[in-house]
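> There's a structure below that I have some questions on.
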Amino acid sequence: MQLQQHFKLMATYNERMNAQVYDTASKLGTAELIEDRGAFFGSIYGTLNHIVVADTMWLKRFATHPSSTATLAVMVALPMPERLDQIMFDDLDGLKVHRQWLDSVIINWIEALTDEDLSTTLSYHNSKGIVSTRRYSSLIYHFFNHQTHHRGQVSTLLSQAGLDIGVTDLLALIPDEA
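Residue numbers for the sequence shown follow the working numbering, beginning at 1 and rising by one.
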């Protein structure tokens with residue numbers, strides 16, 4: 001399997017898991033969603049917002065890569081979030097619609113990448129203004145891993161609230177090749 005195919009699997013998994021998390025979170029009332037539960041970003045809602053903030057930051061950075069300027073042109077018009085804990089939407093419904101849109105942008109972007117694109121580098125400024133240049137594929141691994149990390153936190157918070165998001169294993173999407 002080529003690297004680009006691995007990322008297609010990750011984008012599909014990402015979309016599926018986001019749908020599961022948001023469908024489960026929608027069973028809670030606003031007070032339960034915004035309750036500070038001691039997570040990195042406080043609440044379930046704060047953590048879901050953080051994932052959207054980080055995705056927006058990364059997709060805007062990725063949009064500067066020559067292979068991604070066309071597929072990520074829609075990201076350029078979005079404002080760059082100012083803080084990692086910025087609340088992007090005031091309600092779960094608005095956040096969910098935006099999350100679904102972001103997931104479709106991610107899938108279209110990943111589908112357009114080639115293995116040759118992935119072997120190049122990307123120079124970018126982090127949220128503190130520090131310039132880095134790193135392998136494009138490694139940054140995309142980080143992008144997906146970051147979401148998985150924080151969705152795991154949301155899964156735990158939802159479990160503590162008495163809700164199960166269901167199967168979360170990537171293995172469920174990997175075809176059996178027996």
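For every residue, glycine included, the Cβ atom is placed at its ideal position computed from N, Cα and C.
Predicted model only: the values in this text are computed from it and were never measured.
Going along the chain, which unbroken runs of the beta strand (DSSP E) with 3 or more residues stay wholly within the segment 77 to 103?
Segments of the beta strand (DSSP E) lying fully in the segment 77 to 103: there are none.
> If I measure Cβ to Cβ from S24 and keep anything under 6 Å in the same chain, skipping five residues before and after, which residues do I get?
The displayed chain sequence assigns Thr, not Ser, to residue 24. These residues qualify, in order along the chain: L158, L163 and I165.
> Taking C-alpha atoms, which residue in A63, H6 and I34 lies nearest to A77?
Answer by Cα proximity: A63.
> From which residue to which residue does the beta strand (DSSP E) around S182 run?
Past the boundaries of the shown model lies residue 182; the chain is included only from 1 to 178, so the question cannot be answered.
> Any chance the segment 97 to 113 sits against the segment 11 to 18, with 3 or more Cβ pairs inside 8 Å?
With a cut-off of 8 Å, the segment 11 to 18 and the segment 97 to 113 count as touching, because enough Cβ pairs lie within range.
> Any contact between the segment 169 to 178 and the segment 30 to 37? By contact I mean 3 or more CB pairs, one from each, below 8 Å.
Counting Cβ pairs under 8 Å, fewer than three are found: no touch.
> For the segment 49 to 60 and the segment 135 to 148, state whether three or more C-beta atom pairs, one from each stretch, are separated by less than 8 Å.
yes
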